[in-house]
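Residue numbers for the sequence shown, in this note's numbering: 6 to 441. What follows is a short report on a single structure.
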Amino acid sequence: MTPSDVKATLSFSDGSPSMDLPIYKGTIGPDVIDIRKLYAQTGKFTYDPGFLSTASCNSTITYIDGDKGELLYRGYPIEQLAVNCDFLETCYLLLYGELPNAAQKDAFVGRVTQHTMVNEQMQFFLRGFRRDAHPMAVMTGLVGALSAFYHDSTDINNPEHREIAAIRLIAKMPTLVAMAYKYSVGQPYVYPRNDMSYGANFMRMMFATPCEEYKSNDVLVRAMDRIFILHADHEQNASTSTVRLCGSSGTNPFAAIAAGVACLWGPAHGGANEACLNMLEDIQAMGGVAKIGEFISKVKDKNSGVRLMGFGHRVYKNYDPRAKLMRETCHEVLSELGLENDPLFKLAMELEKIALEDEYFVARKLYPNVDFYSGIVQRAIGIPVSLFTAIFALARTVGWIAQLNEMIADPEYKIGRPRQLFVGSPKRDVKPLAQR
Ligand code: CMC
């Protein structure tokens, strides 16, 4: 962190002494005011629920400029990565800070593919779940269960352990997601094939059956790979912050990632793609395009509790750059599958057009986010709606582990321990039961 020449001065209207606070500059983005000594010097905390103005860490991994609609992984624009690199190159970049050369890429792909199988016992673990359980409930359990298997990669203070846990997680997530899916539909699990690409192998594990030869489709594999790249990291969002906070206690890395999976499940975060597709299906059932006006009126009515899912973002106050790329992929996939006239896609396009022109959305800078399109793409590929968030978790795993490892490797890292403003009852005495 580079100290700035400028200092912030905090003064109080009651005459208490003022305090100078150091300011640090990042390479890009807003400066931060260092308040670490605030409590020791003033006896006061800061108050920022929802972290609207609080940087919880410093990081070198991902940068978002929400006003410009810019997303950089290790400095590289997402638009360039999505076109020039595949997902495993992106994983290498996020984990190690640089894009791999050809030899480094081969070695990395080789390492990941050697770890794609999961312990056979995982099948018995899966059997404990109801077949109609939500895939994110299953994934939270399965990823947590990994912590019971790999005792040679659980010491997070050991860089080699961190490295092997990272490779295992990236390698095994597709296998686990596909197993969760196969279990839900009562089909036999399909073992990974290490002569296929990461995306092609995942799609084979999802859709192959023992009855016929599985043929992989390059356009769909590329779309899947792009979904993975676009979701790989997104700086200090709710699930990543959860992983950092959970991991800050020194817990098992697989357990910390399971906490991230649990957080991602929520509809305001990773569950938005599922919620978005359910919303489109609801509007379709109501009467489709003709009912958009009525639906938009509900969204604008604060008492209805209805939100336009797939729109708005805490950080992007401009078009989500991932949404632009996903929109492109959406057209490619629908054309490959001959689904250009898919009524849900047409409905989504119409909804997007209307919302982008509507004063309510324009004034609040609410633009489509990546989930608005990723659901349509996944549905076209044949992925069930309830599995969308599990695929997001698969892709985000590399981001979580890169962020966790960055935190642990930082010599200044401390257990995360937020403070609070207590507004409950002051100290009081317990009365005997008869007097309450
Ligand atoms: N539909 C209707 N109104 C909205 C929406 C929406 N999707 N999003 C925000 N608003 C309104 C909100 O009511 C508020 O209006 P007002 O100022 O009149 O009270 C204003 O816009 C600001 O909203 P906010 O809730 O303060 O914004 P936030 O930054 O806390 O929320 C969000 C961000 C993503 C939770 C929210 O936009 C949302 O619920 N969107 C729908 C869910 C969604 O698509 N989430 C996926 C995010 S992208 C995937 C990821 O990165 O995880």
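In this text, a Cβ means the ideal position worked out from N, Cα and C, and glycines have one as well. Note that the coordinates shown come from a computational prediction; the quantities given were computed from them, not determined experimentally.
Provide the residue(s) that pair with residue i in DSSP beta bridges, ordered along the chain.
i    : result
Y81  : Y78
E217 : T214
M314 : DSSP output for M314 lists no bridge partner at all.
D70  : E75
L15  : M24
V37  : Y29
T7   : K30
P373 : F316
I'd like the list of long-range same chain contacts for residue i, defined as Cβ closer than 6 Å, with 5 residues on each side in sequence excluded.
i    : result
M314 : A277, A280, C281, M284
T180 : T121, V123, P197
M6   : Y29, N63
R424 : F50
D25  : K12, T14
I406 : A171, L174
Y194 : M184, K187
L151 : F259
V304 : V311, L313
V266 : M144, T145, V148, A398
E5   : In the structure displayed, the chain extends from 6 to 441; residue 5 sits before or after that span and is not available.
I83  : L76, P326
S309 : K303
P272 : A280
F366 : A360
R401 : H236
On the criterion of 16 or more Cβ atoms from any shown chain inside 10 Å, does residue i qualify as buried, or is it exposed?
i    : result
I381 : buried
Q85  : exposed
I420 : exposed
Y372 : buried
Q440 : exposed
Q119 : exposed
L147 : buried
P140 : buried
F113 : buried
R433 : exposed
M291 : exposed
Y378 : buried
K177 : buried
G204 : buried
N162 : exposed
F397 : buried
C216 : exposed
Y44  : exposed
L57  : exposed
D376 : buried
A414 : exposed
E411 : buried
Y155 : buried
F427 : exposed
F129 : exposed
A385 : buried
Near residue i, what residues of its chain come up, given a Cβ to Cβ distance below 8 Å and the 5 sequence neighbours on each side ignored?
i    : result
F207 : P179, V182, A183, M229, L399
I33  : Y68, D70
D72  : K322, N323
A213 : V195, Y219
K110 : L93, E94, Y97
Y134 : Inspection of the sequence shows that residue 134 is occupied by Phe rather than by Tyr. These residues qualify, in order along the chain: A142, V143, G146, Y188.
Y78  : I66, T67, L86, T95, L98, L99, A237, D238
Any heavy atom of the ligand ADP closer than 8 Å to the Cβ of residue i?
i    : result
N323 : Annotation note on the ligand ADP: not contained in the displayed structure, which lists the ligand CMC as its ligands.
With a CB to CB cut of under 7 Å and the five nearest residues on each side skipped, what residues in its chain are close to residue i?
i    : result
P105 : E94, Y97, F113
L250 : G421
R116 : I172
M210 : P179, T180, A183, V195, P197
E168 : none
D36  : S9, I28, Y29, K30
R136 : Y188, S189, G191
Query raised in the report: Looking at C-beta atoms only, is the number of pairs between the stretch 248-268 and the stretch 318-333 that lie closer than 8 Å three or more?
Result: Touching, no.
Requested in this report: Would you be able to state if there are at least three C-beta pairs under 8 Å between the stretch 90-101 and the stretch 229-245?
Outcome: A contact exists between the stretch 229-245 and the stretch 90-101.
Query raised in the report: So does the stretch 291-302 actually touch the stretch 355-362, counting three or more Cβ pairs closer than 8 Å?
Result: Yes, the stretch 291-302 is in contact with the stretch 355-362.
**Report entry** Any 3 or more C-beta pairs closer than 8 Å across the stretch 360-367 and the stretch 219-233
**Finding:** At 8 Å Cβ cutoff, the stretches do not touch.
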